[in-house]
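Student: Chains A and B supply the protein sequences, listed in that same order.
Just so you know, we're using my numbering here: the first sequence kicks off at 2 and counts up by one.
Just so you know, we're using my numbering here: the second sequence kicks off at 2 and counts up by one.
Using N, Cα and C, we set each Cβ at its ideal position, and we do this for glycine too.
Quantities reported herein were computed from a predicted structural model and do not represent experimental measurements.
Can you read through this structure? Questions will come right after.
2 protein chains.
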Amino acid sequence: MHDSPLAVVAELILLLSVILVAAKVGGEISERYLKIPPVLGELCAGILISPFLLGGIHWFGGGAIFELPVGTGDGLPVEPQLFFVAQLAAIVLLFEAGLETDRDKFMKYVRPATIVASGGVILPFLMGFGATVLLGFADMGSIEGMVPALFVGAIMTATSVGITARVLADIRRLDSPEGVTVLAAAVVDDVLGIIVLAIVIGIAEEGTVTAVAIGIIFLKAVGFWLGLMVLGSLVSKYISSGVLWFKSAGGALVLALALAFIASAVAEIYFGLAMIIGAYTMGLALSGTELKHQVEDSMRAVNNFLVPIFFVVIGMQVDFTAFGAGDTSLASAIIFAVVLSIFAVISKAVGAGIPAYFVGFNRIGATRVALGMLPRGEVALIVAGIGLASGVIGQDIFGVAIVMTVFTTVLAPVFLIPAFKGGSGLKTGAENENETEIGE
Amino acid sequence: MHDSPLAVVAELILLLSVILVAAKVGGEISERYLKIPPVLGELCAGILISPFLLGGIHWFGGGAIFELPVGTGDGLPVEPQLFFVAQLAAIVLLFEAGLETDRDKFMKYVRPATIVASGGVILPFLMGFGATVLLGFADMGSIEGMVPALFVGAIMTATSVGITARVLADIRRLDSPEGVTVLAAAVVDDVLGIIVLAIVIGIAEEGTVTAVAIGIIFLKAVGFWLGLMVLGSLVSKYISSGVLWFKSAGGALVLALALAFIASAVAEIYFGLAMIIGAYTMGLALSGTELKHQVEDSMRAVNNFLVPIFFVVIGMQVDFTAFGAGDTSLASAIIFAVVLSIFAVISKAVGAGIPAYFVGFNRIGATRVALGMLPRGEVALIVAGIGLASGVIGQDIFGVAIVMTVFTTVLAPVFLIPAFKGGSGLKTGAENENETEIGE
């Protein structure tokens, strides 16, 4: 009976418990001692217990109980069951992110934030694309060869609203003009990044890059997004009261998650978009409803359980031994990681900082906004994970992207806290928040 | 890219959303209109959307999006990913059941409850075993042939504390002598049932049935249980404060679940016990700790999300078209279902009712206790699911067991509510609760 389905489940349950403990130990060390976001500790815990490091060691002479059967047929470095749970986690995470977005504040700051976010998407995309091409990790001769560079560009556009929000909340500057601008810009950035991702995935799938194809993909992505948003605004009240009609325990939670799952699956199956796009959009559509308040607490509990699994599993997929695999040497992979990390900082700082200067911030304020946009965090990890799982990028680029993500995410809080000390970040004559053009 | 891992996940996510919606619709109809426990609605929803019924229809002329690839290699009628999530759900459910047991009250009523529970385990086991043999669903010529009868016996021993507790809470008789006795007896019943299950699985695995083998299995089960309980009582305080040292969001929840997963996997891998035994025992061991209070709410949210998946997936595995498959005709399967349902009522009523009469209840009280022990509920479903997944019982016996479970679970509330009207259930002279021997 030891190869029965239940025995298989037992092995996976044991692995899952290792993942959960590793996540919490890593997260706690990060938060408590290193003062960096817990997500980085979870990621590093995943890298440590991966089959490529500790997980691969045959402990106590016996079989390696933490060992993952690498390459289970689908090109996945983890078992399909764990991959499935990790994907569920990503969907629930993005759904909650959408749900928790303050739609009113978002609408108020959407104009300056859009300008900041656009700069913070375009320049990182171009510099990510450029770095990949210049360092020989993409082949400009064919569309297929160009796709990795497009994907690195897409990864570079990410902004992790969670990490900046956390740091600004800690220093009580969340509702400063810079704070609100960064948060709204991070939301716009998510939307733009998601459109970029949709276009890149579309190009990877179609294998062509005509203006018409990009236009179609763009319209599909924007159409799906706007459609769900408009439909959401119009019917979200009815959906909310429909769901709240269910009185049985957990009814609202389960049905809200079902809506997120439907939007995710529809995005992937019928629109060729990433599942997280569907989940995020559905969350945003429902963010103003009574349903949101009803499910907030229980959604957080589900997230607390699932999300660490996602980041550990992402970490477990990092194979630094494959860093210089394929056509490239280890040295060139390391050079790529260093260059991409530096480019990531410069492109986001310049790309978001200069627009910030022109929408009413002085140099101090623009610097704060620029620094707030730096961390790539979970968004970049999710995009990189999609790239690896769909076979568009290999282990080498995936590893480089992880290094860049960790670097920007660790760096941001270090500089953000001192940058927020001192005077106003608004231009002279705009000291009074209500008189400035910010947020008008 | 449409066979990529992400496309597979998207299909499963869509299926999961169908499962969740079906669960909630079924549960709500049960609770609101039929006044029966929601678990039965979820089960029936699962049967309805199974690949054997609605799920198998090719909707809209296209592929059947709800269709499950029946028989995915492992002998599972559902995909390994969904099976894994369903098993996670069963583990979390039993862990919470253990955690929510009031250990003090349990200890106070353990003596009369043990007597009631023993009768309520022995007679149903024997009558379940007997019915299977008499109706020709087991072959007494070999151990292997006898195993289905043993398994049916094990399924018959179950008592669903959740359903009785729910009904008694509704009519505010939860803390009556009968109520507390039933709840404590249901707990003892779980423990005894779990030992019976361990022995049956042991026999199925070993293929022998010597007294020594049974003794070893019994000692293993009791040893694991007592070991974890004693160890739990001694170190649960330290485990609790150790876990509560973690301050990051969801730390207590995640680590408590990790403990449940470790206990489950260890029970299955190293002790040959069912995973739910490990989960339940770990829950009971931690039930008196501060940790329990810290995780209660978030554990309930996780349960609310996961548990409906389990019951729908159990329902999805019911194939009534296989009811008369194999060596048996449809007629004999139906006869088996009817006989087993009747036996289930008689055996539990007599087996638990007569001991109740002898521990201080009058005829009214003994009847109430007997009725309270009737519903097999989720416990029987979990045991039947283990039997099917491990290949010990076939689709025919699985279907019969589901019919019996649904019958007893629907019947109990119908009779329980009128039975609790009227006077005291204690013997004359024992009207004052403190003077009766109940609970001393």
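Check each candidate in A:Glu80, A:Gly194, A:Val168 and name the one with the smallest Cα separation from Pro6 (chain B).
Tutor: When each option's Cα is compared against that of Pro6 (chain B), the closest is A:Glu80.
Student: If I follow the unbroken alpha helix (DSSP H) through Lys221 (chain A), where does it start and stop?
Tutor: Its alpha helix (DSSP H) spans residues 212 to 245.
Student: Within the continuous alpha helix (DSSP H) that includes Gly6 (chain B), where are the two ends?
Tutor: According to the sequence as given, residue 6 (chain B) is Pro; it is not Gly. Segment 6 to 30, the alpha helix (DSSP H) holding Pro6 (chain B).
Student: Does the separation of the CB atoms of Thr410 (chain A) and Leu41 (chain A) fall below 8 Å?
Tutor: Going by C-beta atoms, Thr410 (chain A) is nearer than 8 Å to Leu41 (chain A).
Student: In chain order, which beta strand (DSSP E) runs of at least 3 residues are fully inside the stretch 154 to 199 of chain B?
Tutor: Runs of the beta strand (DSSP E) inside the stretch 154 to 199 of chain B: none found.
Student: Does any residue of chain B bring its CB to less than 8 Å from the CB of Met147 (chain A)?
Tutor: Chain B, which has no Cβ nearer than 8 Å to the Cβ of Met147 (chain A), makes this no.
Student: I want to verify the contact list: residues of chain A whose CB lies under 8 Å from the CB of Met283 (chain B), in sequence order.
Tutor: Chain A residues near Met283 (chain B): none, gap ~11 Å exceeds 8 Å.
Student: Would the stretch 308 to 316 of chain B count as touching the stretch 373 to 389 of chain B if we require 3 or more Cβ pairs under 8 Å?
Tutor: In short, these stretches touch, since the Cβ pair count reaches three.
Student: Determine the burial state of Ser234 (chain B): buried for a count of at least 16 other Cβ atoms within 10 Å of its Cβ, exposed for fewer.
Tutor: With fewer than 16 Cβ atoms within 10 Å of its Cβ, Ser234 (chain B) is classed as exposed.
Student: Identify the residues that DSSP records as bridge partners of Phe362 (chain A): which are they?
Tutor: DSSP output for Phe362 (chain A) lists A:Leu427 as bridge partner(s).
Student: Run the CB neighbour count on Thr282 (chain A), radius 10 Å, all protein chains shown included, and call it buried at 16 or more, exposed below.
Tutor: Thr282 (chain A) is buried by the Cβ-count criterion.
Student: For the alpha helix (DSSP H) that Asp397 (chain B) lies in, which residues bound it at each end?
Tutor: Taken as a continuous stretch (DSSP letters only), the alpha helix (DSSP H) holding Asp397 (chain B) covers 396 to 420.
Student: What does Leu13 (chain B) touch in chain A if you count any residue whose Cβ is under 7 Å from its own?
Tutor: Under the 7 Å cutoff, chain A gives Phe85.
Student: Could you say which of A:Val93, A:Pro39, A:Ala185, A:Gly423 lies nearest to Ala264 (chain A) if we only look at CA atoms?
Tutor: Per the Cα distances, A:Val93.
Student: Comparing alpha-carbon positions, which option in B:Thr290, B:Gly361, B:Ile336 lies nearest Pro178 (chain B)?
Tutor: When only C-alpha atoms are compared, the closest one is B:Gly361.
Student: If distances are taken between C-alpha atoms only, which option among B:Ile347, B:Ile355, B:Val339 comes closest to Met128 (chain B)?
Tutor: Nearest of B:Ile347, B:Ile355, B:Val339 to Met128 (chain B), Cα basis: B:Ile347.
Student: Excluding the 5 residues preceding and the 5 following Gly423 (chain B) in the sequence, name in chain order all residues of the same chain whose CB lies nearer than 8 Å to its CB.
Tutor: Hits under 8 Å: Ile365.
Student: Nearest chain A C-beta to Met317 (chain B) closer than 8 Å, yes or no?
Tutor: Cβ-Cβ to chain A under 8 Å: no for Met317 (chain B).
Student: Is there a Cβ from chain A that is less than 8 Å from the Cβ of Gly289 (chain B)?
Tutor: Not closer than 8 Å to any Cβ of chain A, the Cβ of Gly289 (chain B) fails to qualify, so no.
Student: Under 7 Å between beta-carbons, which chain A residues line up against Gly47 (chain B)? List them in chain order, please.
Tutor: Within 7 Å Cβ-Cβ: nothing; Gly47 (chain B) doesn't reach chain A, min ~14 Å.
Student: Return the CA-CA distance between Arg442 (chain A) and Ile123 (chain A), expressed in angstroms with no decimal places.
Tutor: A question about residue 442 (chain A) goes unanswered here, because the residues of chain A that appear run from 2 up to 441.
Student: Looking at the C-beta of Pro309 (chain A), does it have a partner C-beta in chain E at a distance below 8 Å?
Tutor: You won't find chain E in this structure, because its protein chains are A and B.
Student: Contact between the stretch 165 to 176 of chain A and the stretch 94 to 101 of chain A is defined here as three or more beta-carbon pairs at a separation below 8 Å; is this criterion met?
Tutor: Flag = no, the stretch 165 to 176 of chain A and the stretch 94 to 101 of chain A do not touch.
Student: Determine, for Ala259 (chain A), whether the minimum Cβ-Cβ distance to residues of chain B falls below 8 Å.
Tutor: With 8 Å as the cut-off, Ala259 (chain A) counts as an interface residue toward chain B.
Student: Between Met374 (chain B) and Gly121 (chain B), is the Cβ-Cβ spacing less than 8 Å?
Tutor: Cβ distance < 8 Å, so Met374 (chain B) and Gly121 (chain B) count as in contact.
Student: Using 8 Å as the threshold, is the C-beta distance between Gly47 (chain A) and Ile315 (chain A) below it?
Tutor: Yes. Within cutoff.
Student: For Gly224 (chain A), count neighbouring C-beta atoms within 10 Å of its own C-beta (all shown protein chains included) and say buried if the count is 16 or more, exposed if not.
Tutor: The residue in question, Gly224 (chain A), is exposed, as its Cβ has fewer than 16 Cβ neighbours within 10 Å.
Student: Would you mind listing the alpha helix (DSSP H) stretches within the stretch 88 to 146 of chain A that are 4+ residues and don't spill past its ends, in chain order?
Tutor: Taking only runs of at least 4 residues, the alpha helix (DSSP H) segments lying wholly in the stretch 88 to 146 of chain A are 104 to 109, 111 to 135.
Student: Give the residues of chain A in contact with Gly243 (chain B), contact being defined as C-beta atoms less than 7 Å apart.
Tutor: Going along chain A, no residue has its Cβ under 7 Å from Gly243 (chain B), so there is no contact; the nearest lies around 11 Å.
Student: For Ile217 (chain B) and chain A, any beta-carbon pair shorter than 8 Å?
Tutor: Answer no: the Cβ-Cβ gap between Ile217 (chain B) and chain A never drops below 8 Å.
Student: Taking 8 Å as the limit between beta carbons, can you name the residues of its chain near Thr115 (chain A), skipping five residues before and five after?
Tutor: Same-chain partners within the cutoff: Ala186, Val189.
Student: Could you tell me if Trp246 (chain A) is buried or exposed, where buried requires 16 or more neighbouring beta carbons within 10 angstroms of its beta carbon?
Tutor: Exposed.
Student: Run through DSSP, which three-state label would Lys248 (chain B) get?
Tutor: In the structure shown, Lys248 (chain B) sits in coil (DSSP, three-state: anything other than H, G, I, E or B).
Student: Exposed or buried, Tyr110 (chain B), counting other C-beta atoms within 10 Å across all chains shown (16 or more means buried)?
Tutor: Classification for Tyr110 (chain B): buried.
Student: Just reading off the alpha helix (DSSP H) that Glu43 (chain A) is part of, what are its end residues?
Tutor: Note, Glu43 (chain A): alpha helix (DSSP H), 39 to 50.
Student: List, in order along the chain, the chain A residues whose C-beta lies closer than 8 Å to that of Pro81 (chain B)?
Tutor: Within chain A, the residues near Pro81 (chain B) are Pro6, Val9, Pro81, Gln82.
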